[in-house]
Structures are given as structure tokens and as C-alpha cells.
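Residue numbers (the working numbering): 77 to 148. Note that CB positions come from ideal geometry on N, CA and C, so glycine has one too.
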Ligand SMILES: [Zn+2]
């Protein structure tokens, strides 16, 4: 038995799941960042288009905090 035999025993089509590109139309970048909501299938984005970036959430929170400051 060789290593070659082991690699050939992998399921055909196994790599299909890894084949996802950014879901933004016209963007040809690799979709390395996935997000799944509930039962919806996972969507994938490149980092540039990824809508769930942690730093984006922080700036949203800062914006809200700023809005409340203006109300006070
Ligand atoms: Zn993209």
C-alpha cells in the first residue's frame, strides 16, 4: 500500500464544497469568508465584500453611540 492508494480512495467530488467564489456578481475573487443564517445555504464572500466583518460591526456600534451622544 502506498500513499498514492490512499489519496485515490478520496471521494470524487469531495473538493466541490471547497469551490466557492465571492457571491458578489462580477467579483472574481475567492470567497474565503462564509456566513450562514438559519437554514439558508452558506454564502461566501471575499474579504472585501464580506458583510460581517468584525471591524465593520465596531464602526456601526460607534456610529450608534455617536447618534445617541447627539440626542443627549
Ligand atoms: Zn468579492
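Can you tell which of the options has the C-alpha that lies nearest to the C-alpha of residue i?
i	options	result
residue 120	129, 106, 114 and 130	106
So, are the CB atoms of residue i and residue j less than 8 Å apart?
i	j	result
residue 110	residue 122	no
residue 125	residue 98	yes
Can you find a heavy atom of ligand 1 that lies under 7 Å from the Cβ of residue i?
i	result
residue 120	no
residue 100	yes
residue 105	yes
residue 128	no
residue 124	yes
Starting from residue i and walking both ways along the beta strand (DSSP E), at which residues does that stretch end?
i	result
residue 120	119-121
residue 110	109-111
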